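In our numbering, the protein residues as written are 32 to 327.
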């Protein structure tokens with residue numbers, strides 16, 4: 032018997048951002064877009080997009096200016112590739128984006144500017160050393176990117192990395208790495224985490240900007256069809272082996288044609304509207320809680 036999905040799941044993240052569910056459609060290079068963010072946000076979750084998904088600073092600014100003001104959303108600023116970082120930060124501040132997620136760099140100057148207008152800053156981390164620096168910089172939460180995550184990923188188990196960082200540093204932690212279902216959401220919250228950072232499952236949605244054959248590859252692939260390597264970008268990440276073979280043969284471009292995916296692809300069996308993904312995860316979360324063994 033299916034249970035009714037809860038209307039709200041209360042965590043530090045939902046309170047921080049004013050959303051109903053602690054589900055984040057993770058920012059995915061080249062494939063996250065305004066349609067995905069809006070669909071996730073209207074369904075009670077929140078989505079984020081890398082600023083570099085827009086080929087120019089003006090295109091990014093145009094996205095910010097036209098995105099609905101009644102939908103919560105976030106942007107990802109990749110600090111390592113900083114050719115136009117200042118322009119993107121300025122546009123982000125002008126729009127007063129509610130959530131800014133930093134990756135691959137020192138978030139200190141970003142924190143100061145975003146906090147000045149009341150926004151929140153999270154930082155992607157894969158180790159305690161990185162997390163300590165981010166907390167010292169004043170971030171509002173950490174995104175613990177464990178093994179099995181799509182794209183750039185760490186090598187510690189999410190079940191260890193997330194709880195360890197929270198125990199050591201005492202700040203809200205959002206968990207990333209192989210999360211695709213409502214059971215994963217329930218496990219994430221049972222570990223004491225404050226939200227689930229979900230990439231691959233949202234990649235296989237109607238709104239995501241991936242090519243149809245990329246989405247079909249997600250449906251057709253399992254976790255053993257992935258390889259963890261740094262040869263594509265210089266930073267370790269998980270990629271679909273068939274796409275890696277094309278890359279090694281000199282066919283296609285890094286990232287665009289070398290498809291990344293997380294180990295949560297094991298549970299991606301269909302391409303759905305993003306709102307349906309949120310609804311299904313919340314319902315499965317409720318069912319998972321109800322199915323736990325009773326105490327005596």
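By construction, the Cβ of each residue, glycine as well, lies at the ideal position given by its N, Cα and C atoms.
Every value quoted in this text rests on a predicted model; they were computed, and no experiment measured them.
Supposed contact pair residue j and residue i - C-beta distance, whole angstroms, cut 8 Å
| i | j | result |
| --- | --- | --- |
| residue 122 | residue 92 | 4 Å |
| residue 230 | residue 57 | 4 Å |
| residue 129 | residue 152 | That pair is no contact at about 11 Å. |
| residue 61 | residue 287 | 6 Å |
| residue 162 | residue 210 | That belief does not hold up - the Cβ atoms of residue 162 and residue 210 are roughly 19 Å apart, past 8 Å. |
| residue 225 | residue 203 | 4 Å |
| residue 69 | residue 102 | 5 Å |
| residue 54 | residue 312 | 6 Å |
| residue 308 | residue 44 | Actually they do not touch by this definition, with Cβ atoms about 18 Å apart. |
| residue 67 | residue 258 | Their Cβ separation, rounded to whole angstroms, is 26 Å, which puts residue 67 and residue 258 out of contact at 8 Å. |
Per DSSP, the bridge partner or partners of residue i
| i | result |
| --- | --- |
| residue 80 | 106 |
| residue 259 | 269 |
| residue 226 | 205 |
| residue 56 | 78, 229 |
| residue 291 | 270 |
| residue 146 | According to DSSP, which records beta bridges pairwise, residue 146 is partnered with nothing at all. |
| residue 183 | 268 |
| residue 236 | 303 |
Proximal residues to residue i (C-beta, below 8 Å), its chain only, five neighbours per side dropped
| i | result |
| --- | --- |
| residue 285 | 263, 264, 278 |
| residue 253 | 296, 297 |
| residue 96 | 126 |
| residue 134 | 107, 108, 109, 110, 111, 154, 155, 183 |
Close-in-space but distant-in-sequence residues of the same chain around residue i (CB under 7 Å, 5 per side omitted)
| i | result |
| --- | --- |
| residue 118 | 88 |
| residue 22 | Only positions 32 to 327 of the chain appear in the structure, and residue 22 is not among them; the question remains open. |
| residue 223 | 194, 197 |
| residue 219 | 206, 210, 227 |
Boundaries (first-last residue) of the beta strand (DSSP E) holding residue i
| i | result |
| --- | --- |
| residue 134 | 130-134 |
| residue 154 | 151-156 |
| residue 175 | 172-176 |
CB contact below 8 Å: residue i versus chain D
| i | result |
| --- | --- |
| residue 168 | Although the question refers to chain D, the structure presented lacks it and comprises just one protein chain. |
Close beta carbons around residue i, own chain, < 6 Å, minus the five adjacent residues each side
| i | result |
| --- | --- |
| residue 314 | 36 |
| residue 51 | 39, 75 |
| residue 71 | 56, 78, 305 |
| residue 180 | 207, 208, 293 |
| residue 169 | 142 |
Counted within 10 angstroms of its Cβ, other Cβ atoms place residue i as buried (16 or more) or exposed
| i | result |
| --- | --- |
| residue 197 | buried |
| residue 281 | exposed |
| residue 304 | exposed |
| residue 112 | exposed |
| residue 235 | buried |
| residue 245 | buried |
| residue 106 | buried |
| residue 316 | buried |
| residue 81 | buried |
| residue 326 | exposed |
| residue 186 | exposed |
| residue 114 | exposed |
| residue 41 | exposed |
| residue 255 | exposed |
| residue 63 | buried |
| residue 273 | exposed |
| residue 330 | The requested residue 330 is not part of the displayed model; the chain covers only 32 to 327. |
| residue 85 | buried |
Extent of the continuous alpha helix (DSSP H) run through residue i
| i | result |
| --- | --- |
| residue 218 | 213-221 |
| residue 284 | No alpha helix (DSSP H) holds residue 284; DSSP gives it neither H nor E. |
| residue 198 | 189-200 |
| residue 72 | 65-73 |
| residue 94 | 88-97 |
| residue 116 | 116-126 |
| residue 246 | 243-251 |
| residue 162 | 159-168 |
| residue 44 | 43-48 |
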